[in-house]
Every structure is written in C-alpha cells, then in structure tokens.
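Residue numbers (the numbering used here): 40 to 159. Where is the CB? At the ideal position from N, CA and C, for every residue including glycine. Okay, structure first, notes after.
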C-alpha cells in the first residue's frame with residue numbers, strides 16, 4: 040500500500056470512529072440538557088436542514104463516488120457549487136440537531152469537537 044493510500048485509509052478510519060464516538064456520546068448523555076420543548080424543536084429543524092443538505096449531495100455524488108483518491112472527479116455543480124463538503128456538513132448538522140432532540144450536552148460537545156477536527 041502506498042503512503043498516500045495509507046494516509047487516506049487512516050483519514051477515513053478516523054472520521055468513521057469520530058462518528059461512532061459522537062453517536063455513543065449522544066446516547067450515553069441523553070437528558071443532560073434542560074428538557075425544554077423549544078430545544079427539541081430547534082434540534083429537529085437543524086436535523087432536517089442537515090438532511091436537506093446531505094441527501095441531494097449524496098444523490099449527486101452517487102455516479103462519481105469512488106474510494107480511490109486518484110479516480111476522484113471534482114464536482115462543481117449543484118449543491119457542490121455552493122458548499123465544498125455538503126455530505127460532511129449535512130451529517131454534522133444532523134448529529135448536532137439530534138443531540139438537541141435527545142437533550143444530549145455531550146453529544147453536542149462531541150459534535151462540535153468533530154466538526155473542528157474535520158475542519159483542520
């Protein structure tokens with residue numbers, strides 16, 4: 040395996056485990072935010088916005104998706120013309136929204152940490 044493929048593998052593995060950690064934190068810390076109905080509604084709105092960003096990006100990427108970095112084609116149309124990584128942004132918004140739906144403080148904190156880590 041080339042050094043580039045190893046780096047790509049570890050990047051994808053790190054993102055996957057980051058998502059697993061966020062999901063576990065949401066479940067473990069459910070109910071740690073004040074249980075106000077408005078928090079749950081805001082969470083659902085954020086979740087739906089994330090889904091609306093994620094779904095068309097995933098559909099548009101379907102025919103171009105490859106796990107091999109050298110075979111990538113940069114997409115500059117549709118939602119990709121407006122947002123650089125709409126799938127990641129959509130998933131992160133869904134995580135943040137669902138953390139609020141579950142009143143999960145640590146789910147929200149771990150989502151913010153993951154967003155920050157993915158940004159850099």
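query, result
"At least 3 beta-carbon pairs within less than 8 Å: the stretch 140-149 vs the stretch 73-88", "yes"
"Burial state of residue 92, where buried means 16 or more other Cβ atoms lie within 10 Å", "buried"
"N- and C-terminal bounds of the alpha helix (DSSP H) containing residue 146", "144-158"
"CB contact flag (residue 55, residue 136, <7 Å)", "no"
"Whole-angstrom distance between residue 149 and residue 65, CA atom to CA atom", "8 Å"
"Inter-residue Cα distance where the pair is residue 90 and residue 57", "19 Å"
"Spatial distance of residue 49 from residue 98 (CA atoms)", "25 Å"
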